[in-house]
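Colleague: Each residue of the sequence shown is one higher than the one before, counting from 905 in my numbering. No residue lacks a Cβ here, since even glycine has one placed at the ideal position from N, Cα and C.
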Amino acid sequence: MLWSLNMMEYDVLLAVISKAASMADSRSKKSAAADDEDMDPTQYFENRLKYLAALRAAGEEPYPHKFPVTMSIPEYVEQYKNIGNGEHLEDVTVNLAGRIMSKRSSSSKLFFYDLHGGAAKVQVMADARYLITETRYRQRYLDLMLNMEVRQIFKTRSQIISYIRRFLDSRDFLEVETPMMNMIPGGAAARMVKELTGGYKIKYHANGLDEDPIEIDFTPPFRRIDMIEELEKMANLNIPKDLSSDEANKYLKDVCTKYEIKCAPPETTARLLDKLVGHFLEETCTNPAFIINHPELMSPLAKWHRTKKGLTERFELFINKHELCNAYTELNDPVVQRQRFAEQLKDRQSGDDEAMALDETFCTALEYGLPPTGGWGLGIDRLTMLLTDSQNIKEVLLFPAMKPQDEPSAKVTGFIPVYCADGIFVFCLRSNAGA
């Protein structure tokens, strides 16, 4: 999350937060709130004066003439009272002002304030980690020097890659520029988890660090879910056998309407099925599970199933309700591959950007002969996130892609303290650049 602060504001806030964090860490496990309570009053007053001086040195006035409040706290409570726990509004900017009546800390960098005004109150979370995150990603060398837990994340990532390489090397696979890997069955994936963590079960904060973690059990064998069969069973459906027919398309549209499952146009059969699978099947895949036997119209590069007409020999591995692996028997018949591309082109011309375009070069390569081949792809970044309990993919990338620093932030979310004067904090809820 990135805030739309100018560089001087950012530097001042970062310096203050870094100093507060270092002070908290030096006091044998005392909370930030306890630090304030135990601090000598003279020292506390001097620290406030230094903070005010730092703001003024940065060109910020801690006692401004005016602050543009967009709504009162009672109005805010009334307008957003129906937002459920865990829900977020991404494109809303709200400026609130009030008096801080209580402060609690969850860690040296996570604080909760009760903001009172107009006979109402809201609880505000100020997370110092959000202010320093961008600097950590941009200057990873400093991050690695200062944070042992970050070094451990990338050590684990390296061990994951080493395990996969050893597994494939032992089976006489050849590593090339674009890795082409064989399928790793559930047993091998489970062995990797046990080797890295010491057991088959891990804890993962799927709903954020402030919520209780979930347990993910990698004990083999992994559950197998036949896509169409299980979808019909769970939703009490009778999907027409010819999935390419208009009848099947209409049937699936009606099912999505019945269960209030939204599918943005174009409502192709492949997109409708994907939405239904996400709603009914993927939500059951907290522990590792294979979704198998995808329809041909959803898998243009996969070979037809040798015993089940209209389906393919394909599986996807889901963990924590997210896809981790995608694998299939490669379609090596150039004539059938051209037909599949032509069918995909129709969907693409109807507005489906995810449908594949005709790749004549690929078909020509197949004409020279492709032996029976299994294609397998693994999301190493997502696996590393699971095994290191990381909630942001940038935490597991040594050098994540970042916008140039002279460009405005594209999107931000959260309350940030703008200034403090005589115990009154003013918070600004930022949600997009320039707001």
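C1229 lies in the alpha helix (DSSP H); which residues open and close that run?
Modeller: Where C1229 is concerned, there is no enclosing alpha helix (DSSP H), although the beta strand (DSSP E) it sits in stretches over H1226 to T1233.
Colleague: Does the segment 1190-1197 come close enough to the segment 1246-1261 to have 3 or more Cβ pairs within less than 8 Å?
Modeller: At 8 Å Cβ cutoff, the stretches do not touch.
Colleague: Compute the distance between the beta-carbons of G1283 and L1249, then report whether it is under 7 Å.
Modeller: Not closer than 7 Å, so no.
Colleague: Could you give the DSSP three-state label for L1282: helix, strand or coil?
Modeller: Here L1282 sits in strand by DSSP.
Colleague: Run the CB neighbour count on M1297, radius 10 Å, all protein chains shown included, and call it buried at 16 or more, exposed below.
Modeller: A small fix is needed here, since residue 1297 is Ile in this sequence, not Met. It is exposed - the Cβ of I1297 has fewer than 16 other Cβ atoms within 10 Å.
Colleague: Rounding to the nearest angstrom, what Cα-Cα distance links Q1295 and M1289 in this structure?
Modeller: Going by the C-alpha atoms only, they are around 7 Å apart.
Colleague: Could you spell out where the alpha helix (DSSP H) holding A1001 opens and where it closes?
Modeller: No alpha helix (DSSP H) contains A1001, which is instead part of the beta strand (DSSP E) from V998 to A1001.
Colleague: Can you tell me which of the three DSSP states F1015 falls into?
Modeller: In this structure, F1015 counts as strand in the three-state DSSP scheme.
Colleague: In three-state DSSP terms, what is Q1027?
Modeller: Strand, per DSSP.
Colleague: Taking V1026 as the reference, which of P1204, T1172, E982 and E1264 has the closest Cα?
Modeller: Of the candidates P1204, T1172, E982 and E1264, the one whose C-alpha sits nearest the C-alpha of V1026 is E982.
Colleague: Output needed for K1064: all residues of its chain with C-beta closer than 8 Å, excluding positions within five of it in sequence on either side, in chain order.
Modeller: Strictly speaking, residue 1064 in this sequence is Ile, with Lys absent from that position. For I1064, where only same-chain residues beyond five positions count, the Cβ hits under 8 Å are M1096, L1100, I1284, L1287, T1288 and L1291.
Colleague: Within the same chain, show all residues whose beta-carbon is closer than 7 Å to that of R1128, passing over the 5 residues directly before and after it, in chain order.
Modeller: The answer, listed in chain order, is F1194 and I1196.
Colleague: Determine the burial state of E1164: buried for a count of at least 16 other Cβ atoms within 10 Å of its Cβ, exposed for fewer.
Modeller: Classification of E1164: exposed, given that the 10 Å Cβ count is below 16.
Colleague: Let me know if P1204 comes out buried or exposed under the rule of 16 or more other beta-carbons within 10 Å of its beta-carbon.
Modeller: The residue is buried, with at least 16 neighbouring Cβ atoms inside 10 Å.
Colleague: Tell me whether the beta-carbon of L1274 lies closer than 7 Å to the beta-carbon of N1236.
Modeller: Yes, the Cβ-Cβ distance between L1274 and N1236 is below 7 Å.
Colleague: Determine the DSSP secondary structure at L1215, reduced to helix, strand or coil.
Modeller: Of the three classes helix, strand and coil, the one that applies to L1215 here is strand, per DSSP.
Colleague: Are the CB atoms of C1167 and L1176 within a distance shorter than 7 Å?
Modeller: Taking 7 Å as the Cβ cut-off, L1176 and C1167 qualify as a contacting pair.
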